[in-house]
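Residue numbers (the numbering used here): 614 to 1273. Inspection log for the structure reproduced underneath, given as structure tokens.
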């Protein structure tokens, strides 16, 4: 059987009801659909109509297997659409209201990646290309197949979405308000295209609120107050409701109490029962439909390797072809590099710094003796009170130095001497080193910039693709392949951004040194390659954490609000502002802060660094430790993202069916 040879599927509802908890935590349920019965034959084109809240979207979700029914039955091709959703995968196509193809990709490339997910794993490259050529011709996109989807008209975008769902030649094609945003002329063309698909054998069910072109449909399924109030032709519907225009049917439904029109419809069904029985007695396709569905159950879903390669390549190609995003992605690291270079333009990285040590016993003895004489000298108000003793001579000298005398009389001076004598404060000159302050501040800012890059890159990646992700799940997308491919693609993008950022900064300091300026002290930092690698891992870890947030939120705006909440704790726990030397802060930093490990991987607190610059406390300087910690954080964040997506799907479906 070729990939385009699938026949249409019937959709049969018998007394179907759908109810959900009322949201107040009690046993009460809210009824969304009640006693819904209809039969859509293979190859029919049916438009679903009804006022807002009539249950149209609930019916669509039930057809797609996303909503369990609480009463009656709903069979798609002779199978329970909810319990046999996996068996029907690939047999049901779904076009939502929002277009689902990446705007930056040309039509041909978008369909190339869609075919890798939607077609069976055994489909060859030639078969996939043949499927692409077939649907491009069927939806009339031949003239724009190499143009970016974002540059197409609204109707062409909708045709591209329709083409993606037609790749697997589904037996049932469901559209949920897919033409709501189109102008009347474009909507008419789409409806004519759907009618052509139905005549070719595909069962088409389209939810719409546009009534101008529903005459293209074979039948109308009209819902009101969660019940079927009509199922038949457009002309008969106008006669049944006693109105002049189809639009007036909505007014008629809302003018009558719930149950009125559904009762009228059941009365009409009872009158036509003999005719309906005669028609159903002549049907012979039931066994064929069951046989076709049984063959569709053998559809093999592409494995992890193919799905990973598909999503990874699609993300990278989308990033490269998105000109605006590409420019912003390149300008952001350049802007951050400019901030770093400007912020440290006046910094001197090699100022001398005198280190001190504790006094030895002989020095303590001398200091105690001298301080005793000085204390006696400064205790009196005038020199006349002193004799020719040593304190008197010291006082004569100090009277000529009033500022020094005032300083010696301050309580802090006596406290310093006391602390020096008790080994509390190191005051004895030891040796001179290069001040690490400028270098450490520079390393901290470099790592903070990487954290910003990571979060900004990752926080919107899933939420912006949510409609496409939900749709591809219907075709067997594996969360593990999708998320790992997303992390890998982000890692490549961040590697390029970090290369631009660090190269710009390093070249800037090289130019500065060539003109007699100073660069960061090498003795307080790891090598440039090691530092760049640590910063890259930290950025990827932050991007992976951003994916967790992106999976949790339902709009990009909410993701934007979460970014400051992510960055602030990183800075506080990163040992860049606050010292992290032990206790609860150290545990939190090691568990949740990629910035801490980036800081630890880039910075060197060697012997002789003053204690007030030792933000990391006592630690093992082995480079493999921060690298392993960052790799672990990336892995954990990736797993959490997968689990969040799985939990969301399980909660939304409310079922125990296996979730890949």
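Glycine included, each C-beta is placed from N, C-alpha and C at the ideal position. Given the structure is predicted, the values throughout are model-derived calculations rather than measurements.
In this structure, how does DSSP classify residue i when only helix, strand and coil are distinguished?
i            : result
residue 799  : helix
residue 1262 : helix
residue 831  : coil
residue 861  : helix
residue 1046 : strand
residue 761  : strand
residue 644  : strand
residue 774  : helix
residue 689  : strand
residue 840  : strand
residue 1023 : coil
residue 658  : strand
residue 1154 : helix
residue 1144 : helix
residue 1079 : helix
residue 962  : coil
residue 1248 : helix
residue 1085 : helix
residue 627  : strand
residue 1010 : helix
residue 1216 : strand
residue 616  : A caution first: residue 616 carries a pLDDT of 46, below 50, which makes its placement in the model unreliable, though a value can still be read off. If DSSP states are grouped into helix, strand and coil, residue 616 belongs with coil.
residue 1180 : helix
residue 1274 : For the chain, the structure presents residues 614 to 1273; residue 1274 sits outside this window and is missing.
residue 873  : helix
residue 1072 : coil
Rank the options by C-alpha distance to the C-alpha of residue i and give the top, closest one.
i            : options                : result
residue 782  : 621, 753, 865, 849     : 621
residue 648  : 683, 664, 655, 679     : 683
residue 713  : 1086, 629, 939         : 1086
residue 1010 : 1107, 831, 986         : 986
residue 1076 : 989, 1202, 1162        : 1162
residue 729  : 971, 1005, 923         : 923
residue 820  : 835, 810, 814, 809     : 835
residue 817  : 1129, 804, 632         : 804
residue 1153 : 1143, 974, 1103        : 1103
residue 627  : 651, 1137, 1079        : 651
residue 1101 : 1115, 1067, 1119, 1123 : 1067
residue 812  : 936, 1213, 755, 655    : 655
residue 945  : 1111, 973, 1088, 1172  : 1111
residue 1006 : 1020, 863, 988         : 988
Check this for me: beta carbons of residue i and residue j, under 8 Å apart or not?
i            : j            : result
residue 929  : residue 1113 : no
residue 646  : residue 672  : yes
residue 1064 : residue 1190 : no
residue 780  : residue 744  : yes
residue 824  : residue 860  : yes
residue 810  : residue 786  : yes
residue 1078 : residue 965  : no
residue 1207 : residue 1243 : yes
residue 1047 : residue 1136 : yes
Considering just the uninterrupted stretch of the beta strand (DSSP E) at residue i, what are its terminal residues?
i            : result
residue 1168 : Note, residue 1168: premise wrong, no beta strand (DSSP E); not H, not E.
residue 789  : 785-789
residue 967  : 965-970
residue 956  : Premise fails: residue 956 lies in the alpha helix (DSSP H), 936-956, not in any beta strand (DSSP E).
residue 856  : From DSSP, residue 856 is part of no beta strand (DSSP E); its letter is neither H nor E.
residue 733  : Premise fails: residue 733 is in no beta strand (DSSP E) and is neither H nor E.
residue 819  : 816-820
Where does the unbroken alpha helix (DSSP H) through residue i begin, and where does it stop?
i            : result
residue 1121 : 1092-1127
residue 713  : No alpha helix (DSSP H) holds residue 713; DSSP gives it neither H nor E.
residue 706  : Not the alpha helix (DSSP H): residue 706 falls in the beta strand (DSSP E), residues 705-708.
residue 676  : 669-676
residue 1196 : 1196-1205
residue 981  : 974-991
For the ligand ATP, is there any heavy atom lying closer than 7 Å to the beta carbon of residue i?
i            : result
residue 1238 : The model depicted lacks the ligand ATP and carries no ligand whatsoever.
Determine contact between the region 1051-1066 and the region 947-963, defined as no fewer than three beta-carbon pairs at a distance below 8 Å.
Yes, the region 1051-1066 is in contact with the region 947-963.
Below 8 Å, can you find three or more Cβ-Cβ pairs linking the region 775-794 to the region 748-756?
Per the Cβ contact rule, the region 775-794 is in contact with the region 748-756 (3 or more Cβ pairs under 8 Å).
Within 8 Å, do at least three Cβ pairs link the region 1151-1158 to the region 1064-1071?
Result yes; three or more Cβ-Cβ pairs closer than 8 Å.
Sufficient close CB pairs (3 or more, under 8 Å) joining the region 864-878 to the region 668-687
Fewer than three beta-carbon pairs drawn from the region 864-878 and the region 668-687 are found closer than 8 Å, and the two stretches are therefore not classed as touching.
The region 709-724 / the region 1078-1097 touching (three or more Cβ pairs under 8 Å):
The region 709-724 vs the region 1078-1097: in contact.
Below 8 Å, how does it come out for the region 1135-1151 and the region 1024-1044: are there three or more Cβ pairs, yes or no?
Here the region 1135-1151 makes no contact with the region 1024-1044; the two share fewer than three CB pairs at distances below 8 Å.
Examine the Cβ distances between the region 1020-1031 and the region 1183-1197 and report whether three or more of them are shorter than 8 Å.
Remark: fewer than three beta-carbon pairs, one from each stretch, lie closer than 8 Å, so the region 1020-1031 and the region 1183-1197 are not flagged as touching.
Tell me, please, whether the region 1250-1264 touches the region 1091-1107 by the rule of three or more beta-carbon pairs shorter than 8 Å.
Touching, per the Cβ criterion.
Take every Cβ of the region 836-852, pair it with every Cβ of the region 661-672, and state whether three or more of those distances are shorter than 8 Å.
Counting Cβ pairs under 8 Å, three or more are found: they touch.
Evaluate the contact criterion for the region 1201-1215 versus the region 1105-1120: three or more CB pairs, one atom per stretch, below 8 Å.
For the pair of segments examined, the region 1201-1215 was found not to touch the region 1105-1120: the number of CB pairs separated by less than 8 Å stays below three.
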